[in-house]
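In mature numbering (1 follows the signal peptide of the UniProt record, and there is no 0), the protein residues as written are -22 to -1, 1 to 135. Idealized CB from N, CA, C, for every residue including glycine. Following: one structure in structure tokens, then a few remarks.
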């Protein structure tokens, strides 16, 4: 009798597990997008003179170029489609003005970003926002980390 109950329980467990696998959601499609800075109306862009670790991230005229295509990944990383690297905050920094760059993707929190409802992009490691340097505005304007605030150079659409 005990053996029969164990067999029935095992069969029910197998059905439940099998049903859960069969009901799994399909893979999430890539959420590739451009990020245009509200203040300067230019896009988040990876410098085409680079491509390796440390490649500069800057503002540039928005266009159909894949160095401006970013895949918003489920882990919070922003993956550059041209160079196949992630948006990364330089770990030698941490304060206002910390450089952002491309780097090999990994499980590092300097590559974890939160897209906030106000349009800002928040870095989880340094608890600062992605910011366009207000001393610029043209092509090549530096993109950096800065204390989050109500400033439109930190708003992305």
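DSSP places residue 74 in the coil class of the three-state scheme, outside both helix and strand. DSSP, reduced to helix, strand and coil, places residue 15 within a strand of the structure shown.
Around the CB of residue 24, 16 or more other CB atoms lie within 10 Å, so the residue is classed as buried. Residue 126 sits close to residue 98, with the two beta carbons spaced by under 7 Å. If you ignore the 5 residues before and after residue 82, its C-beta comes within less than 8 Å of the C-beta of 31, 63, 64, all in its own chain and listed in chain order. Taken through DSSP and simplified to helix, strand or coil, residue 87 comes out as helix.
Distance from residue 106 to residue 124 at the Cβ level is roughly 6 Å; contact confirmed, criterion being Cβ atoms closer than 8 Å. Annotation: the continuous beta strand (DSSP E) that includes residue 23 extends over 21 to 24.
Apart from the 5 residues on each side of it in sequence, residue 71 sits with its Cβ closer than 8 Å to the Cβ of 77, 104, 123 in its chain, given in chain order. In summary, residue 9 is exposed, with fewer than 16 beta-carbon neighbours lying within 10 Å of its beta-carbon over all protein chains present.
In chain order, 32, 33, 34, 35, 66, 68 place their CB closer than 7 Å to the CB of residue 79, counting only its own chain and leaving out the 5 sequence neighbours on each side.
The bridge partners DSSP lists for residue 101 are 91, 106. In the structure shown, residue 45 adopts helical secondary structure according to DSSP, grouped into three states. A straight line joining the alpha-carbon of residue 43 with that of residue 13 spans about 12 Å. One thing to note: residue 18 has its Cβ within 7 Å of the Cβ of residue 37.
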